[in-house]
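Mind the numbering: the sequence shown is residues 0 to 71 in numbering that gives the first Met the number 0, read in order. This report refers to the structure that appears directly beneath it.
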Amino acid sequence: MRSFGGFNWWAFVGFTIVFWLIFDNVAIGAGIGIALAMGVGYIKDPREKEKAKREREEQKKKEIEESNIKYL
């Protein structure tokens, strides 16, 4: 699975199981798991950040071109 919007599913599952076993409570385990998985999801390697930045710039250019065509 991939990271969607800063949320890493594998990290969520792993942290949830670990904290479920520690606290013996699924709700606490899932809550801590969600928080930690979101934190792990935001730690990306620099190449991913550059790729995402380029994709955003290309998307902005496309949107500007489309809006210019609409108003002509």
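Even glycine gets a Cβ: it sits at the ideal position worked out from N, Cα and C. These numbers come from a predicted model, not from an experiment.
Residues near residue i in its chain [Cβ-Cβ closer than 7 angstroms; skip 5 each side]
i      : result
Phe-18 : Ile-27, Gly-28, Ile-31 and Gly-32
Three-state secondary structure (DSSP) of residue i
i      : result
Asn-67 : helix
Inter-residue spacing [alpha-carbon to alpha-carbon] between residue i and residue j
i      : j      : result
Gly-54 : Lys-60 : Position check: residue 54 holds Glu in this sequence, whereas Gly was assumed. Distance between the alpha carbons of Glu-54 and Lys-60: 10 angstroms.
Ile-63 : Glu-56 : 11 angstroms
Val-12 : Glu-65 : 41 angstroms
Met-37 : Gln-58 : 25 angstroms
Lys-69 : Ala-51 : 27 angstroms
Leu-20 : Glu-49 : 38 angstroms
Lys-22 : Glu-47 : According to the sequence shown, residue 22 is Phe rather than Lys. C-alpha separation (whole angstroms): 35 angstroms.
Chain-order list of residues whose beta-carbon lies under 8 angstroms from that of residue i (same chain, five-residue window excluded)
i      : result
Asn-24 : none
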